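Per the working numbering: the sequence shown = residues 3 to 142.
C-beta: ideal position from N, C-alpha, C; glycine also.
Quick caveat, the model's predicted, so the values are computed rather than measured.
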Amino acid sequence: MAESFRIRPAVQADGGFLGDMVVEAANWRGGGARPRHEVISSAEHGRYLTGWMRPGDTGFVAEDLRGEPVGAAWYRMLPRSEPGFGWVGTGVPELIIGVRPIWRAHGVERDNFAVTLYRSEGFAVTQSGLGRDTMVKRLR
């Protein structure tokens, strides 16, 4: 699978695609998917996109061999006054990951398979909520 895509740094022009990935992340469960405009315009999801690419925003986009974007991972520093789903504390970035459905399961919410990947990479649960856990990895 690794030979069928490449990864590049995200740039400001990727904002629209990151919006698509927020929608994918918000609708990862089958059935009852919310429309793009509803997800992106909501405060809970829009905070991961508004003003992309601000100072401190960093991310990567995965592309297939034709150069079509298939997934993205990026992080933002969110203030205490506007915490996101995984807000842990000031100075701790929130990671957002979205992948087009056809590219999933080639390798979080509690029942999302990705939690196994995060644990294998050294992430640990720091807070449990309704249906989701907040995971953090210490980098120092």
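N-terminal and C-terminal residue of the alpha helix (DSSP H) that residue i is part of
i	result
E22	Inspection of the sequence shows that residue 22 is occupied by Asp rather than by Glu. Unbroken alpha helix (DSSP H) run through D22: G17 to A28.
R56	Taken as a continuous stretch (DSSP letters only), R56 belongs to no alpha helix (DSSP H), as it is neither H nor E.
I42	R38 to S43
Proximity of residue i and residue j at Cβ, strictly below 8 Å
i	j	result
R78	P95	yes
Q129	T136	yes
E1	G100	A question about residue 1 goes unanswered here, because the residues of the chain that appear run from 3 up to 142.
K49	E84	The question names Lys, but residue 49 is Arg in the sequence shown. Against a cut-off of 8 Å, the Cβ pair of E84 and R49 comes out as a contact.
I42	V24	yes
A12	W105	no
Residue i classed as buried or exposed, judged by whether at least 16 other C-beta atoms fall within 10 angstroms
i	result
E70	exposed
G109	Residue placement at G109 is poorly supported in this model, since its pLDDT is 45, which falls under 50; the coordinates still yield a value, given next. It counts as exposed.
L141	exposed
H47	buried
Host beta strand (DSSP E) of residue i (start-end)
i	result
G61	T60 to D66
T92	That residue, T92, is in no beta strand (DSSP E); it is neither H nor E in DSSP.
V72	P71 to R78
Which listed residue (the options) has its alpha carbon closest to that of residue i
i	options	result
G131	V72, T92 and G88	G88
G21	I98, V90, F125 and V138	I98
V138	W105, S122, P103 and V90	V90
* Do the stretch 62-79 and the stretch 10-21 meet, that is, are 3 or more Cβ pairs less than 8 Å apart? -> yes
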